[in-house]
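Numbering (this note's numbering), first residue to last: 195 to 418.
Just so you know, even glycine gets a beta-carbon here, dropped at the ideal spot from N, CA and C.
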């Protein structure tokens with residue numbers, strides 16, 4: 195049995211004021227979701243992400259998982275709407291997660307919602323170690339370093355400049371470290387048997403949220 199209590203990273207106490215994500219345009223909040231699945235498609239869409247989406251949807255829950263959607267402003271507005279309406283965000287951290295600016299910007303918006311008391315985040319560490327996410331080394335640090343080295347042409351000066359400013363990289367780095375201090379699930383492979391346990395926990399959590407709200411999150415236990 196394991197408690198899923200939130201334990202913040204002590205050196206990121208200012209994250210609440212700096213995590214606001216401007217990468218998503220304004221949106222029309224027209225369709226509410228119960229669950230938003232934040233994931234890196236090539237790593238997880240055909241495995242754990244689809245497993246959770248299929249099983250939760252079967253039980254009558256509204257679950258957002260981007261499928262066959264083209265990137266663009268409309269796509270981004272749908273993402274923002276889904277994140278802001280969902281009560282539960284499942285963040286699946288996989289080996290190539292940090293290579294995607296979409297995943298990282300979604301995480302910032304999810305944290306904004308969580309820190310304002312609008313939602314909760316359940317991390318799933320899928321084929322990655324906490325050290326990869328928490329410390330400035332490993333595959334996530336390498337991915338952030340690649341982002342930091344990317345260049346683009348300035349539309350006004352026509353000169354090369356960094357694609358992402360240093361504050362964006364720092365927000366991503368802090369968000370990853372922050373979320374790594376929330377207790378969640380560690381899945382080493384697709385066959386370790388934990389998917390049903392994770393699904394069962396999410397189902398009970400969502401059913402409970404409909405009656406007693408977010409405070410129940412502090413007392414729920416993962417079922418064996």
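For residue i, the three-state DSSP class (helix, strand or coil)
i	result
residue 220	Only weak support is given to the placement of residue 220: the predicted model assigns it a pLDDT of 46, under 50, and the question is left unresolved by the model.
residue 247	helix
residue 234	coil
residue 370	helix
residue 396	helix
residue 321	coil
residue 345	strand
residue 292	helix
residue 226	coil
residue 354	strand
residue 336	helix
Nearest to residue i (by Cα), restricted to the options the options
i	options	result
residue 243	227, 341, 261 and 313	261
residue 378	287, 229 and 251	287
residue 272	284, 259 and 283	259
residue 369	304, 357 and 281	304
residue 284	293, 290 and 297	297
residue 294	235, 277 and 343	235
CB contact flag (residue i, residue j, <8 Å)
i	j	result
residue 315	residue 231	no
residue 250	residue 397	yes
residue 290	residue 237	yes
residue 292	residue 334	yes
residue 328	residue 361	no
Residue i to residue j span [Cα, whole Å]
i	j	result
residue 240	residue 331	28 Å
residue 246	residue 228	13 Å
residue 320	residue 269	25 Å
residue 342	residue 366	11 Å
residue 345	residue 355	5 Å
residue 348	residue 336	25 Å
residue 352	residue 323	41 Å
residue 226	residue 338	32 Å
residue 380	residue 281	22 Å
residue 389	residue 350	50 Å
residue 253	residue 394	11 Å
residue 309	residue 372	11 Å
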